[in-house]
Amino acid sequence: MFMDFKYTRPGSKEQLQALSTLSFLIGMCADFLTAEEKRMDQVLVLEVGHS
-7 MFMDFKYTRP
3 GSKEQLQALS
13 TLSFLIGMCA
23 DFLTAEEKRM
33 DQVLVLEVGH
43 S
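Under our numbering, the sequence shown has 30 at position 38, and the numbering climbs by one with no breaks.
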């Protein structure tokens, strides 16, 4: 991604595509972490129930 900004003109198709990809990946990471947090909360409830 760095190369898309270093060697292309500002606002170029390559830069916009790189930003779009970065935005998508950050969104996917957020979705994963939200689901993982819910899963871990359920595990903790089960562990407390067995104590």
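Just so you know, even glycine gets a beta-carbon here, dropped at the ideal spot from N, CA and C.
Between the CA atoms of residue j and residue i - distance to the nearest angstrom
i, j, result
"V37", "K30", "11 Å"
"T26", "S12", "21 Å"
"V35", "M20", "23 Å"
CB-CB length for residue i against residue j, believed under 8 Å
i, j, result
"F(-3)", "Q7", "6 Å"
Three-state secondary structure assigned by DSSP to residue i
i, result
"T26", "helix"
"G3", "coil"
Chain C within 8 Å of residue i, Cβ atoms only
i, result
"T13", "Looking for chain C here will not work: only one protein chain is present."
Any non-hydrogen atom of the ligand NAD within 7 Å of residue i CB
i, result
"F24", "The ligand NAD is absent from the structure shown, which contains no ligands of any kind."
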